[in-house]
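Data first, discussion second: the structure below is written as structure tokens.
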Amino acid sequence: MLSSADSNVIDQDFLSRLNLQNPHDLKAVSGGDVNMAFSLYSGSDRYFLKVQPDHDRHFFDAEVASLKALGQYVTVPKVIKQGETRGFAYLLLSWVPSDPAKQGDLGRALAVLHQAHGDRFGFDVSNPYDFVPKDNTWNDSWGDFFVHQRLEPLMKQAIKKAFWLTQRGDHFENLKKTILADEHVKNVQPSLLHGDLWAGNFMFDASGQPVFIDPNAFYGDREYDLAVSKVFPGFNQSFYDAYEKAYPLDEGYEERFKWYEFYYILMHFVRFGDIYAPRLNRLLLQF
Numbered sequence: 208m209l210s211s212a213d214s215n216v217i218d219q220d221f222l223s224r225l226n227l228q229n230p231h232d233l234k235a236v237s238g239g240d241v242n243m244a245f246s247l248y249s250g251s252d253r254y255f256l257k258v259q260p261d262h263d264r265h266f267f268d269a270e271v272a273s274l275k276a277l278g279q280y281v282t283v284p285k286v287i288k289q290g291e292t293r294g295f296a297y298l299l300l301s302w303v304p305s306d307p308a309k310q311g312d313l314g315r316a317l318a319v320l321h322q323a324h325g326d327r328f329g330f331d332v333s334n335p336y337d338f339v340p341k342d343n344t345w346n347d348s349w350g351d352f353f354v355h356q357r358l359e360p361l362m363k364q365a366i367k368k369a370f371w372l373t374q375r376g377d378h379f380e381n382l383k384k385t386i387l388a389d390e391h392v393k394n395v396q397p398s399l400l401h402g403d404l405w406a407g408n409f410m411f412d413a414s415g416q417p418v419f420i421d422p423n424a425f426y427g428d429r430e431y432d433l434a435v436s437k438v439f440p441g442f443n444q445s446f447y448d449a450y451e452k453a454y455p456l457d458e459g460y461e462e463r464f465k466w467y468e469f470y471y472i473l474m475h476f477v478r479f480g481d482i483y484a485p486r487l488n489r490l491l492l493q494f
């Protein structure tokens with residue numbers, strides 16, 4: 208949790224160190240629960256400023272690398288500058304106005320992103336600063352990557368925090384075995400993923416163009432992004448219909464979606480506690 212004392216550090220002296228022309232009208236805005244987030248003007252241009260206390264500039268390396276990767280295929284905020292001042296990491300991005308638009312365009316854009324294929328699973332940059340650190344070391348096997356570099360590290364955190372009940376363990380072991388033996392998993396083509404595609408991580412610009420924000424990118428099974436999008440409300444049927452028309456999913460995806468939903472709910476379980484336990488248990492009993 209970021210304190211008001213931290214917020215007060217973002218003063219005129221801090222802004223002057225961004226080397227912007229006439230920075231003004233700094234205002235706190237919603238930007239998730241990880242970073243401080245601000246709207247900021249330089250002359251008539253508006254920017255989005257993220258700040259993280261007690262970290263150097265590398266705190267935002269994974270996000271900058273993700274934006275650069277996604278930006279080759281879809282619209283993302285432009286990175287203006289990244290740095291550190293007075294012990295605070297910062298990331299300055301172009302402002303996205305978030306006008307309402309059609310989610311069908313968002314589905315088609317995601318299909319374009321997912322058709323950017325790689326040779327292996329992972330990413331050039333890992334994210335050790337994430338609340339749930341992401342090891343993106345390259346791997347030739349999607350099953351191995353997802354089980355050993357996503358599910359198992361997350362489970363270790365759950366056990367460490369004493370959130371995990373031992374009677375859940377058999378179901379978890381069954382899940383891992385199912386994933387590693389699955390034929391679809393053995394034949395997945397690595398797709399470039401957003402990596403955290405919930406409803407708070409897309410916007411639309413003034414022209415109605417969908418904009419992907421806050422990516423945690425890696426190459427993986429494209430079904431992962433779509434499964435995550437269904438965990439919480441925010442995506443409508445036109446999004447899924449447009450995606451399916453542009454890039455049809457493989458048979459049986461509904462069952463595989465449950466694996467990725469479980470991972471995403473487990474991540475929230477580790478972070479926020481037993482409020483997510485009932486949903487987690489309902490999923491586990493299916494494995």
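The opening position of the sequence shown corresponds to residue 208 in my numbering, with each subsequent residue numbered one higher. Every residue gets a Cβ at the ideal spot worked out from N, C-alpha and C, and that includes glycine.
- Just measuring C-alpha positions, the residue of F295, F494, Y280, G278 sitting nearest V258 is F295.
- For the pair of segments examined, the stretch 288-302 was found to touch the stretch 243-255: the number of CB pairs separated by less than 8 Å reaches three.
- Taken in chain order, the whole beta strand (DSSP E) runs of length 3 or more contained in the stretch 289-314 are 295-301.
- F353 places its beta carbon 8 Å or farther from that of Y426.
- In this structure P340 is exposed. Its beta-carbon is surrounded by fewer than 16 other beta-carbon atoms within 10 angstroms.
- Under the 10 Å beta carbon count, H231 is surrounded by fewer than 16 other beta carbons and is classified as exposed.
- Looking at the DSSP output, H231 sits in a beta bridge with Y248.
- Under the three-state reduction of DSSP output, L491 falls in the helix class.
- DSSP places H324 within a strand segment (E or B) once states are collapsed to three.
- S398 carries a strand assignment under DSSP once its states are collapsed to helix, strand and coil.
- In this chain, V418 is not harboured by any alpha helix (DSSP H); it is covered by the beta strand (DSSP E) spanning 417-419.
- Going by C-alpha positions, I386 is about 15 Å away from L490.
- Along the stretch 343-393, the beta strand (DSSP E) does not occur as any fully enclosed run of 3 or more residues.
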